[in-house]
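Here the structure comes first, spelled out in structure tokens, and everything after it is commentary.
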Amino acid sequence: MTQQKETENFRVLAINGGQVLGGERPYLNQPFTLHLPICEAGYADAQIDDCIGRRREYPWRPGTRLLLRARFSHEVDHLVGTAGFGFWNAPFGDPTVPWPALPQATWFFFGSPPNDLPLAVNGPGRGWFAATLDATTWQAIRLAPLAPGVLLLNQWARLRHTLWPWVRRHLQISFQPIHEPMTVWHEYGLVWGRTGCEFWLDGRIIHQTSFSPRGPLGFVCWIDNQFMVATPN
């Protein structure tokens, strides 16, 4: 079952037993708490966002700054599913926008096993990290006819080391693993500029990239029990 409501600033989504608690102003005194139940079957999600209406009407564009404090209930090795916060275009569908789109995102993202995203040339694409992605540029779209050949050639490690960094540049994929404890309160910052993005943690830059999604995007903060596998090979 999906429950949906709107607060003063955000839409609240609770799916299959997920809960969003608190969130009354001032948020410093009554922060949002996102909770998932033990769920043996089906998709569960607890989420706040402002991804409402058509994607081209989402409210955020380059020139946006995000600052928030957050902590998680478990560390990287014990948290299950995906979680995070930042900006995206809800590419895989949404209760109000059911059709998919090419993804754009700039965010702090967590994924547990078996999540495996196409981030590094070697090693699993999971854990807690800062990342960007924009598959809507003309450089990314022109890769589509080459996708079968790229996937075939990526089966060979030597070619993958040459090809995958090139693909990442065209998809504007950047990422930086975060090794700070997740269960401790941290202040996270994201500066989404026109010529790049900066990710901050407790007042220091942890990742800086020249990649910047074009937008418009919506804010999202969530925890769910899903996974996604999309490796270079």
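If you're matching positions, the sequence shown starts at -5 in the numbering used here and goes up one per residue. Ideal Cβ placement from N, Cα and C applies to all residues, glycine included.
Range covered by the alpha helix (DSSP H) that runs through residue i
i    : result
A134 : W132 to I135
Residue i, enclosing beta strand (DSSP E) - first and last residue
i    : result
I172 : Here I172 belongs to no beta strand (DSSP E), and DSSP marks it neither H nor E.
G197 : Where G197 is concerned, there is no enclosing beta strand (DSSP E), given that its DSSP letter is neither H nor E.
I32  : Here I32 belongs to no beta strand (DSSP E), and DSSP marks it neither H nor E.
G183 : H180 to W186
I217 : G212 to D218
T58  : T58 to A64
D39  : D39 to D43
V74  : Note, V74: premise wrong, no beta strand (DSSP E); not H, not E.
L15  : Q13 to G16
Residues bridged to residue i (per DSSP)
i    : result
F102 : F79 and A124
F4   : In DSSP, F4 forms no bridge with anything.
F86  : DSSP lists no partner for F86.
F26  : G16
W54  : L211
T203 : C191
Beta-carbon separation (whole angstroms), residue i vs residue j, contact threshold 8 angstroms
i    : j    : result
D301 : T76  : Here the chain comprises residues numbered -5 to 227, so residue 301 is not present and cannot be evaluated.
L165 : N83  : 14 angstroms between Cβ atoms; not a contact.
Y37  : N10  : 6 angstroms
V91  : R55  : The Cβ separation is near 18 angstroms, so there is no contact.
F86  : P94  : 6 angstroms
F66  : T177 : 6 angstroms
E237 : P175 : Here the chain has residues from -5 to 227 only, and residue 237 is not among them.
Neighbourhood of residue i by C-beta distance below 6 angstroms, restricted to the same chain and skipping five residues each side
i    : result
L60  : L184
I172 : W122 and F123
V214 : D43 and W82
P207 : Q98, T100 and D128
H201 : A124, Q170 and F193
G12  : L30, A38, D39 and A40
7 angstroms CB neighbourhood of residue i in its chain, flanking five on each side removed
i    : result
A64  : F79, H180 and Y182
T203 : T126, S168, G190 and C191
D88  : C45
Q220 : Y37, G75 and T76
W132 : none
Any chain C beta carbon closer than 8 angstroms to residue i
i   : result
Q41 : Of the chains in the structure shown, none is chain C; there is only one protein chain.
Residue i beta carbon near the ligand MG (any heavy atom closer than 7 angstroms)
i    : result
P159 : For the structure depicted, the ligand MG is absent and the ligand set is empty, with no information on it obtainable.
8 angstroms Cβ shell around residue i - same chain, five flanking residues per side excluded
i    : result
E18  : Q24
G187 : P56, G57 and S206
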